[in-house]
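Accompanying notes for the structure given below.
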Amino acid sequence: MDVNVASLVRAMLKDSQPGDARTLELRIGQIVRGVLVEMLDNHEALMNINGTPVRAKLDAELPVGQSTLLQVQPDAKGGLVALKPLADPGAAMPDEGLREGIKAFGLSDQKWSFELLRGLKRDGYPIGRDTAQWFAQAAASMPAGADAESWMNAAGVAFRRGLQPSETTIASLRQALYGPPVHEQLKQMAALIGEAAKGMDPSSEAAVAAGRVGRLLADGMALLARGGEALLAAGQGEAEGALGRSGRDGEAAQATP
Numbered sequence: 001m002d003v004n005v006a007s008l009v010r011a012m013l014k015d016s017q018p019g020d021a022r023t024l025e026l027r028i029g030q031i032v033r034g035v036l037v038e039m040l041d042n043h044e045a046l047m048n049i050n051g052t053p054v055r056a057k058l059d060a061e062l063p064v065g066q067s068t069l070l071q072v073q074p075d076a077k078g079g080l081v082a083l084k085p086l087a088d089p090g091a092a093m094p095d096e097g098l099r100e101g102i103k104a105f106g107l108s109d110q111k112w113s114f115e116l117l118r119g120l121k122r123d124g125y126p127i128g129r130d131t132a133q134w135f136a137q138a139a140a141s142m143p144a145g146a147d148a149e150s151w152m153n154a155a156g157v158a159f160r161r162g163l164q165p166s167e168t169t170i171a172s173l174r175q176a177l178y179g180p181p182v183h184e185q186l187k188q189m190a191a192l193i194g195e196a197a198k199g200m201d202p203s204s205e206a207a208v209a210a211g212r213v214g215r216l217l218a219d220g221m222a223l224l225a226r227g228g229e230a231l232l233a234a235g236q237g238e239a240e241g242a243l244g245r246s247g248r249d250g251e252a253a254q255a256t257p
């Protein structure tokens, strides 16, 4: 099992830099994609548009957390922008309309391929030549015998994060998304190193290095185990505290005439 930890970290984490406060400019007639954070009174809502919180007037209620296409309306009042939810073309597009895109993307004619393209359209990404070329490169980089669905879904994550469609990047994301849990990976790596060390001269540099890596893996597994126990204990403590509060509230209620 090849696990490139550095590549995995680079693929999963972007360099985090302090973000500056951003101003969002919305023009009448402009179509944007937003997520409803909270519905307020009088058809007002707190929206997240391109990562910026916006307080707006909605002419229709939306499910909280759902990504929706919105058009900026001219009848803004009280300094609030007015937004009109629009039908999402990606959600309603039939399979026949996506079939040409499936071919251009280098995908097989499978249900998951259509869902991948619908998801891209739903999230506001253009299904054009540049996107098709990116996914065609991702499909071409897939190793022989790999599961196409999990590979291309991992490629979809890489595309949304602005990463390159290289085999290393997609393989790292696929391992993180669909591979065994970290403690299982550490166990497998420890077993492989132990097997390899059996045939080595104990005084050789390779044997010494293998022993050092084995100890590091053992420390990692112990750290994960302690972390799991701490989380379990914290959860039990919260549950017991909640039960205790519930019992005291019940006793107080019985004592109240």
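Residue numbers (full-length UniProt numbering): 1 to 257. From the three backbone atoms N, C-alpha and C, an ideal C-beta is built for every residue, glycine too.
Proximity of residue i and residue j at Cβ, strictly below 7 Å
i    : j    : result
V72  : I28  : yes
S116 : G156 : Residue 116 is actually Leu in this sequence, not Ser. The answer is yes: Cβ separation under 7 Å.
L107 : S113 : yes
L58  : A45  : yes
S204 : E167 : no
L69  : R33  : yes
A56  : P85  : no
Q188 : P165 : no
A144 : F105 : no
A196 : A207 : no
Nearest neighbour of residue i, chosen from the options [CA to CA]
i           : options                : result
K216        : N42, S204, L186        : Correcting the residue identity first, residue 216 is Leu in this sequence and not Lys. Comparing Cα positions, the closest option is L186.
A190        : R99, A210, P202        : A210
E149        : V64, I170, G162        : I170
G162        : P143, E184, D130       : D130
L36         : G78, L83, L192, G128   : L83
L192        : G179, A206, A132, G214 : G214
N48         : V64, D41, N42          : V64
P53         : L26, D123, E100, A222  : L26
G222        : F105, E184, A196       : Sequence check: residue 222 is Ala here, not Gly. Of F105, E184, A196, the residue nearest in Cα terms is E184.
I31         : M39, H43, D41, P74     : P74
S67         : G179, Q110, E38        : E38
residue 286 : L98, Q110, M200        : No answer is possible for residue 286: the residues shown for the chain start at 1 and end at 257.
G124        : A218, F159, H43        : F159
W134        : D201, I102, K111       : I102
N42         : R122, G78, N50         : G78
Beta-bridge pairing of residue i - partner residues as DSSP gives them
i   : result
I31 : Q71
A82 : K57, Q73
E38 : L46
Start and end residues, alpha helix (DSSP H) containing residue i
i    : result
N48  : It is not in any alpha helix (DSSP H) - N48 instead sits in the beta strand (DSSP E) that spans 44-49.
R122 : 111-122
V64  : V64 -> no alpha helix (DSSP H), and no H or E assigned at all.
R129 : 129-140
A56  : Not the alpha helix (DSSP H): A56 falls in the beta strand (DSSP E), residues 52-58.
E149 : 148-160
Run of the beta strand (DSSP E) containing residue i, from where it starts to where it stops
i    : result
L173 : No beta strand (DSSP E) holds L173; the alpha helix (DSSP H) holding it covers 167-178.
C-beta neighbour in chain B for residue i, strict 7 Å
i    : result
A154 : Absence of chain B from the displayed structure is noted, only one protein chain being present.
Would you call the segment 141-155 and the segment 167-176 touching, i.e. three or more CB-CB distances under 8 Å?
yes
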